[in-house]
Structure formats: structure tokens, C-alpha cells
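Colleague:
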Amino acid sequence: MAGVTSSYPAALDSESNLTPPNNGDTLSVADHWLAGNAGPIVAIETELGTDPAGTFTDVKSRLDSGLTTEVDMWKLTSSFTPVGTSPVDITGVTRYWADYKGSGMTQSSGVFEFPSTGYYLIGYNTSSITSTTGGAYVGGYIVYSTDGGSSYNSLTGQLTAGRNTNDYVSTSGMVYIPVLNTSNYRVKFQVQAAVSTLFTQNLTNMTFIKLGDL
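Sequential numbering from 452 applies to the sequence shown in the numbering used here.
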């Protein structure tokens, strides 16, 4: 006797595959129960969707986690003064906390890749000290790529005044990005200053939070 075999949670069942053929076999109590409740079972599966536990052991564990599966923070490795007035990529970064959540972001020379698809909240803080009088702007940009890093577009930018020697200047920005695939989506961070400006480590940092799946 083959009995009734469910495909869930990998795939949704249909009423037909939960109903055993009428071939004279002796069916178990469980088979009879599944056959008699095929409609409600399929409705519940459809409402939950396939694999509702995701990477967790069960649905309860996923709900208890708050559905935030990725939280990560990085910082400027060492203080530096960008050369010129055009935006300059931050290439030296290190993870801020050893206790991050999920798989975490990966990066190479400041270019970040995402561990999974989904909606990501990205925060960027810059902290700097001007060393020349007469500047007009200091700040930073978040730029992103959808073609594996071949080209980048600005996601957000924050510029503020840094006019005097030893002015302490900070900027902050926060955006979200829908990461449609992990093969081509990239994010990197830039700084910009009209005069000689020292961007400081630790206080220049980046935060990544996955808000949810697509």
C-alpha cells in the first residue's frame, strides 16, 4: 500500500495527491484523515507558502527572531585624508562587531556583497576633521551596482559645511535597497571633501539590516 504522501513544505500539495486512489487497498487512519481534510490542508499550506520556516528549524523560531535575519556593521579601518575634491571610494573596512546576525555581509576592498536577496536597510555615518580653512562641503555617498560592479549609481549622498580648520563634521544617511539577486548587486561607500579633511575610523561606519524577503 502506497498510502498518502505529502510534498509539503518543499512544495504545495493538491487535493488530488492527498486523496488515495480507490484501488481496494487498506488505508491507515492517518491516510483517511488526510483524505478527508485535503481541502483545508491545502488551504493552510497555500496561506503559509512553501518552506515557511526559512533557514530556521521551525516557524515559531522564525517568528521569535523578529524576522530580521541579517544585522551587520562595518567601520573605516584607519583614518585617512582623501585626495582631490571628487568622491573617493572607501577601500579599507573591517567588521565592527564580532556578534553579527545571520551570514553577514562580505566585502573586498570596500565593495560589499549581500548574503541573500531581500530588502536591506543601509545606514552610513561619516566623521571628519577639517585641516584647512575655507572649505565648502564635506560628506559621503552610498553607491550601488546591479551589474556586478561594472557601473555604479548614487543611492544617497550627504554633504555639509566644513569651513574652518579643525571643524568636526559629521553626516548620516539611511536608505533601503531591494536586492533582487546576489550575483550582481553591490554597494560601496565614498567620501568627499572640498579641502584637506581627515575622515576618522570607527565613527565612519556602515550598517546593514535585512528588513525582509522580497
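Note that beta-carbon positions come from the ideal geometry of N, C-alpha and C, so glycine has one too. From a predicted model like this one, the values you see are computed outputs, not experimental measurements.
Quick check on the burial criterion: 16 or more other C-beta atoms within 10 angstroms. Buried or exposed for Met-452?
Modeller: Residue placement at Met-452 is flagged as unreliable, the pLDDT there being 43, under the threshold of 50; a coordinate-derived value is accordingly withheld.
Colleague: In chain order, which continuous runs of the beta strand (DSSP E) of length 3 or greater are located wholly inside the stretch 562–610?
Modeller: Qualifying beta strand (DSSP E) stretches, in chain order: 562–564, 569–581, 589–596.
Colleague: Tell me the rounded alpha-carbon separation between Thr-470 and Ser-458.
Modeller: Looking at the two C-alpha atoms, the distance is approximately 13 Å.
Colleague: Determine the direct distance from the alpha carbon of Thr-536 to that of Arg-614, and round the result to whole angstroms.
Modeller: Their backbone Cα atoms lie some 15 Å apart in a straight line.
Colleague: Can you give the Cα-Cα distance for Phe-659 and Tyr-571, rounded to whole angstroms?
Modeller: Cα to Cα, Phe-659 sits roughly 7 Å from Tyr-571.
Colleague: Taking 7 Å as the limit between beta carbons, can you name the residues of its chain near Tyr-547, skipping five residues before and five after?
Modeller: Excluding residues within five positions, the ones whose Cβ falls inside 7 Å are Met-524, Trp-525, Lys-526, Asn-656.
Colleague: When the Cα of Ser-530 is compared with those of Asn-635, Trp-484, Tyr-636, Leu-649, which residue comes out closest?
Modeller: For Ser-530, the nearest C-alpha among the options comes from Leu-649.
Colleague: Would you mind reading off the limits of the beta strand (DSSP E) that contains Pro-491?
Modeller: Note, Pro-491: premise wrong, no beta strand (DSSP E); alpha helix (DSSP H) at 489–499.
Colleague: Going by C-alpha distance, which of Tyr-636, Gly-561, Asp-509, Gly-553 is nearest Ile-541?
Modeller: Nearest of Tyr-636, Gly-561, Asp-509, Gly-553 to Ile-541, Cα basis: Gly-561.
Colleague: Identify whether Arg-614 lies in helix, strand or coil by the three-state DSSP scheme.
Modeller: Three-state DSSP puts Arg-614 in coil, outside helix and strand.
Colleague: Measure the CB-CB distance between Gly-624 and Ile-593 and report whether it falls below 8 Å.
Modeller: Cβ atoms of Gly-624 and Ile-593: closer than 8 Å.
Colleague: From Val-646 to Tyr-551, what does the alpha carbon distance come to, in whole angstroms?
Modeller: Between Val-646 and Tyr-551, the C-alpha separation is close to 36 Å.
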